[in-house]
Amino acid sequence: MSQIRNASDTTCKQLLRDGECFADLCNALYFHGRQVIKPEDLISQENDVSTLIGKEPLPMKMKRYRDIVRKVSINGDYMIIGVEHQSSLDKNMIIRILNYDAQLYINQVERGKEVVEISQSMLEGDYEKLRTNRTISVENYKMASILTHADIKEEDLPEGKEINMCKAMDQLFQRFENQGIEKGRQEEKRNTLKEQLKVKLGTLSNPLEERPTTTSLEKLNELTLNIFNINSKEEVLKIIH
């Protein structure tokens, strides 16, 4: 009887190791025959699901092996499919398998690490403390600018070895604001100049219309001073070239 059972186990395992047979079985059981799982999508996995149960210092090792374990991706979601073959009818098999899985999950939960308190503390605070006149060394300030990709220039750095963070950030934001205002003024000047050229010359060609965008501010100022003397596209290009 034992030889028959072993032969049956071996034959069943060989059959399920075949990708097409395994896929057909899963599609029949899980998807009513629809061809959701494809043989080429099946990936073999380690069938050793042994684990330790109980707590330190004397945990007990529980050895368990699944007959067949495959991983498959279904619509972008990964599934682990484990198959247990039973040579003879055993009504308690499903309970035994569920108990194996439950022991694995319990073991994972009990061995999970607690949340480190500092992760919670880092999220605490108030704006009053944030606005205090905290000082750091200039070297640390430079390092912070590198890590945050902030555009810190030498003129933003104070004299001495320490810097007031609140004052430094206010100065930095003010410089960024001034840069934005200046950039807006230059853009407005370019747009106004293009409108004036359209009035003088009519419709502008694409190269001529795009040229003020890449021309230096010095050339644009020169073009503005001569706008009333310009009568052709060539005269414009001669000035801003």
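Convert by adding 1372 to the 1-based position in the sequence shown; the result is the number in this note's numbering.
We put the beta carbon where it would ideally sit given N, CA and C, even for glycine.
Spatial neighbours of residue i in its chain, beta-carbon cut-off 6 Å, leaving aside the 5 residues before and after
i            : result
residue 1444 : 1409, 1413, 1414, 1451
residue 1579 : none
Alpha-carbon to alpha-carbon, residue j and residue i
i            : j            : result
residue 1608 : residue 1542 : 43 Å
residue 1512 : residue 1534 : 9 Å
residue 1470 : residue 1456 : 12 Å
residue 1449 : residue 1442 : 14 Å
residue 1569 : residue 1544 : 38 Å
residue 1602 : residue 1571 : 11 Å
residue 1381 : residue 1459 : 6 Å
residue 1462 : residue 1481 : 30 Å
residue 1573 : residue 1599 : 11 Å
residue 1515 : residue 1472 : 52 Å
residue 1479 : residue 1390 : 32 Å
residue 1546 : residue 1577 : 39 Å
Per-residue DSSP class, three states only, for residue i
i            : result
residue 1406 : coil
residue 1602 : coil
residue 1448 : coil
residue 1588 : coil
residue 1436 : coil
residue 1582 : helix
residue 1456 : coil
residue 1418 : coil
residue 1577 : coil
residue 1463 : coil
Residue burial classification, residue i (beta-carbon count within 10 angstroms, cutoff 16)
i            : result
residue 1474 : exposed
residue 1595 : buried
residue 1583 : buried
residue 1617 : Nothing can be reported for residue 1617, as the shown portion of the chain is limited to 1373 through 1613.
Close Cβ partners of residue i (< 8 Å) along its chain, the five nearest in sequence each way excluded
i            : result
residue 1388 : 1394, 1397, 1439, 1440, 1455, 1457
residue 1399 : 1405, 1406, 1407, 1408, 1409
residue 1385 : 1439, 1440, 1457
residue 1563 : none
residue 1374 : Note that residue 1374 scores 49 on pLDDT, short of 50, meaning its location in the model is unreliable and no value can be drawn from it.
Supposed contact pair residue j and residue i - C-beta distance, whole angstroms, cut 8 Å
i            : j            : result
residue 1581 : residue 1605 : 11 Å between Cβ atoms; not a contact.
residue 1561 : residue 1592 : 6 Å
residue 1419 : residue 1402 : In fact, because the Cβ distance is near 20 Å, the residues do not count as touching under 8 Å.
residue 1558 : residue 1589 : 6 Å
Contacting residues, own chain, Cβ-Cβ under 7 Å from residue i (five flanking each side not counted)
i            : result
residue 1587 : 1612
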